[in-house]
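Last residue of the sequence shown: 249 (the numbering used here), numbering continuous. C-beta: ideal position from N, C-alpha, C; glycine also.
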Amino acid sequence: MMKYQDYLFDLYGTLADIHTDESKKELWKLLASWYQSHGAVYSPWNLKKQFRTLLREELHRTALRHPDYTAVDIRMESVFERLYNIRNISVSAESIAETALFYRMLSRDYIRTYACVHDILHRLRADGKRCFLLTNAQAVFTIPELKLLRIADLFDGIVISSTQECAKPDPHIFLAACERYHIKRENALMIGNDPYTDIAGANACGMDSVYLHSNLSPKWTGAPDCTYLIKDGDMQKLKRLLERV
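Below, the structure written as structure tokens:
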């Protein structure tokens, strides 16, 4: 009999292979043109500098709001909105989201699911199991990308760090998912590709885990303290493992 009822998946590096590059000159040139078309004039260099400054400020503000969190995250929409406000431009929430998506489109080189991802999620759900997404990410980017990857409807619940203002490995985000979706930790399994966030976080809240060492994982320094290990990132092995545990 399968031990687990609930399966919590990380996204990037676990279910989805992605490559982004925020340093591209063309990105900042086109983003500056976007802002200028909305009345907020920046040079590409100044926009990039201001963007990074606002990122640091938002992280600091968030950390002050949550002194009990060991890892925080921000809503990137706040940064994009403040870039307008600095130039005395007021914009709607829809325009802010559009700006964020334009930025993501410019920075993203590709995104695709790994092999077997759809099969894994469909099989678990067919067996009466529940699948959740628990990921360190920006909801404004991730929700559209889940739809693009055609896996948005395969989760029974989604918890994203930016909406929680809390990131893995902080146990608070794991516990928030458990409370929201009535997940019993002893019957749950975390699957992720990062030993420092996914596995350490699962351990901190008493949850079993699968470490999947993928092309987006940190450099291998030895097996982490996980329940199950797939060292070569083979998704067929993950599929077979989840069929038997």
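Item, Value
"Assuming ALA104 contacts PHE136 (C-beta within less than 8 Å), just tell me the rounded distance between them.", "Incorrect: roughly 24 Å between the Cβ atoms, too far for contact."
"Suppose you measure from the CA of ALA36 to the CA of TYR46; what does that come to, to the nearest Å?", "6 Å"
"Put PHE145 into one of helix, strand or coil per three-state DSSP.", "helix"
"Which whole-angstrom value is the C-beta distance of ILE22 and TYR114, which I expect to be below 8 Å?", "7 Å"
"Under a three-way DSSP split, which group does VAL163 fall into?", "strand"
"By Cβ distance below 8 Å, which residues in the same chain neighbour GLN168 in space, the five residues on each side in sequence not counted?", "ASP77, HIS176, ILE177 and ALA180"
"With 16 as the cutoff for other CB atoms within 10 Å, does GLY43 come out buried or exposed?", "exposed"
"From the DSSP output, which residues share a beta bridge with GLY237?", "For GLY237, which the question treats as bridged, DSSP gives no partner whatsoever."
"So what does DSSP say about ARG91, is it helix, strand or coil?", "coil"
"Could you tell me which of LYS28, TYR8, SER213 and LEU15 sits nearest to GLN142, measuring between CA atoms?", "LEU15"
"Rounded to the nearest angstrom, what separates LYS133 and PRO199 at their Cα positions?", "25 Å"
"With DSSP as the reference, label VAL45 as helix, strand or coil.", "coil"
"Per DSSP, what kind of secondary structure is ASP198 in: helix, strand or coil?", "coil"
"Run through DSSP, which three-state label would LEU179 get?", "helix"
"Quick one: give me the first and last residue of the beta strand (DSSP E) that HIS217 is part of.", "Segment: none, HIS217 is in no beta strand (DSSP E) and carries neither H nor E."
"DSSP three-state call for ALA20: helix, strand or coil?", "strand"
"Can you tell me which of the three DSSP states ALA72 falls into?", "According to the sequence as given, residue 72 is Asp; it is not Ala. Coil, per DSSP."
"Our contact map puts VAL83 next to PHE55 with C-beta atoms below 8 Å; I'd like the distance itself, whole angstroms only.", "6 Å"
"Consult DSSP for THR139 and reduce its assignment to one of helix, strand or coil.", "strand"
"Can you give me the C-alpha to C-alpha distance between TYR215 and LYS235, rounded to a whole angstrom?", "8 Å"
"Return helix, strand or coil for ARG116, following the three-state DSSP convention.", "strand"
"Beta-carbon within less than 7 Å of THR24's beta-carbon, same chain only, minus the 5 sequence neighbours each way: which residues are those?", "SER111, ARG112 and ASP113"
"Using the beta-carbon count (16 or more within 10 Å), is LEU12 buried or exposed?", "buried"
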